[in-house]
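Chemist:
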Amino acid sequence: MQLDGVRVIAPSRYPEDAWNEAEVLGGLVWLWNQHGYYRQSSVESAMEILTAIIASRNFCFFVKDHKPLGYVNWAFLNERDEQAYIRKAEPYAAFLNRPHDGSSPVRMWMLSWFFPAGGGPVAKRLLRKHVLKDERVHFLYHKPASGTVTTKFFSGMDMDR
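Heads up, the sequence shown is in the numbering used here, so the first residue is 6 and it goes up one at a time.
(1) Could you compute how far the alpha carbon of Asp22 sits from the alpha carbon of Trp79?
(2) Here's the rule: buried if 16 or more other CB atoms are within 10 angstroms of the residue's CB, otherwise exposed. What is Ala60?
(3) Under three-state DSSP, which class holds Ser160?
(4) Return the chain-ordered ranges of every alpha helix (DSSP H) run that is complete within the region 32-77 and spans a minimum of 4 residues.
(5) Report yes or no: is there a C-beta of chain B within less than 9 Å of the C-beta of Arg130?
(6) Mapping DSSP to helix, strand and coil, what is Arg85?
(7) Looking at the unbroken beta strand (DSSP E) that takes in Val127, where does it start and where does it end?
(8) What do you reckon, are the CB atoms on Leu131 and Phe67 nearer than 9 Å?
(9) Let me confirm a value: Trp35 is counted as buried when at least 16 other C-beta atoms fall within 10 Å, else exposed. Which label applies?
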């Protein structure tokens, strides 16, 4: 899907749009290589996390001018899973595709916001205006200077009305 000059691949939001897993995987690996910390990851750990993100279908990959811009991914967590995620009680990949039986409410949580060369403001606008326009999205906000982590949320534009 083209949105304001940016190609957006979001399988769970736009299931009718064709996309290619190999293209997305290659783009995510390329993005990780642009960041010093993630560049040091082993191939095994990168593949474990990135293929789990792709398999969940709960991601949005942004491409501008045929170059990866960044990606976000999310999960739907119940209250127990939210607390486990906040406390880092389980590995990251364990939260990517949590099964839910419908017995308890779930909320959307943004697990990754990855834009190593900028592009975050463009992505936020596209997410709020189009991709997640009718969602309230929770996320953990990290303040590196103080080491604090705060739970925050943003709402899609249709939620603001």
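Quick reminder that beta carbons are idealized off the backbone N, C-alpha and C, glycines included.
Since the model is a prediction, treat every value here as computed from it, not as a measurement.
Modeler: Quick answer:
(1) Between Asp22 and Trp79, the C-alpha separation is close to 19 Å.
(2) Ala60 is classed as exposed because its beta carbon has fewer than 16 other beta carbons within 10 Å across all chains shown.
(3) Of the three classes helix, strand and coil, the one that applies to Ser160 here is strand, per DSSP.
(4) As summarised for the region 32-77, the continuous alpha helix (DSSP H) elements at least 4 residues long and confined to that stretch are 41-44, 48-61, given in chain order.
(5) Here there is only one protein chain, and chain B is not present.
(6) Here Arg85 sits in helix by DSSP.
(7) Run containing Val127: none in the beta strand (DSSP E); it sits in the alpha helix (DSSP H), 125-131.
(8) Yes, these two residues count as a Cβ contact at 9 Å.
(9) Exposed: under 16 other Cβ atoms inside 10 Å.
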